[in-house]
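S.K.: What follows is a single structure, and I will ask about it in a moment.
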Amino acid sequence: MFYVQRDAQGLLIRVEAAAYAEATETLPADSHEIQAWFANEVVETSLKQLKQSDLEMIRVLDDLIQVLTQKGVIRVTDLPPAAQAKLMDRTQAREALGGLSHLIDDEETGLI
1 MFYVQRDAQG LLIRVEAAAY AEATETLPAD SHEIQAWFAN EVVETSLKQL
51 KQSDLEMIRV LDDLIQVLTQ KGVIRVTDLP PAAQAKLMDR TQAREALGGL
101 SHLIDDEETG LI
């Protein structure tokens with residue numbers, strides 16, 4: 001059983017397993033509305049996690065490309081023109097900010 005609160009249009013705005021003062025009714029766990037509420041919450045949480053992961057991976061890929069080019073494994077010109085332009089933009093932005101050399105802790109282990 002879940003305790004719920006609805007807005008003026010009747011849509012769920014809060015769902016809790018324990019009773020709370022603003023709860024206006026209860027719904028069973030197998031209720032379509034409860035299932036949809038938690039499905040939306042899971043999707044939203046997953047999307048936020050992916051977005052944060054994307055931001056973190058950008059830096060990892062940026063550093064990886066830099067290492068590979070410094071070691072001569074690849075050349076920037078091996079990449080498609082659009083990727084070259086994006087890398088150049090990022091490089092210029094990082095240099096303008098002083099290189100941002102310590103964004104990732106060099107002591108971190110297990111990253112790759």
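For what it's worth, the UniProt record's numbering labels the leading residue of the sequence shown as 1, then goes sequentially.
Glycine included, C-beta positions come from ideal geometry on N, C-alpha and C.
Along the beta strand (DSSP E) that carries residue 74, what are the first and last residues, could you check?
M.R.: Looking at the DSSP string, residue 74 is not in any beta strand (DSSP E), and its letter there is neither H nor E.
S.K.: Please state if the CB of residue 3 and the CB of residue 29 are separated by a distance shorter than 7 Å.
M.R.: no
S.K.: Residue 41: which of 12, 58, 22 and 57 sits nearest, CA to CA?
M.R.: Comparing alpha carbon positions, the residue from 12, 58, 22 and 57 closest to residue 41 is 12.
S.K.: I need the DSSP call for residue 64, collapsed to helix, strand or coil.
M.R.: helix
S.K.: Where residue 21 and residue 14 are concerned, what is the direct C-alpha to C-alpha distance, given to the nearest angstrom?
M.R.: In a straight line, the C-alpha of residue 21 is about 12 Å away from that of residue 14.
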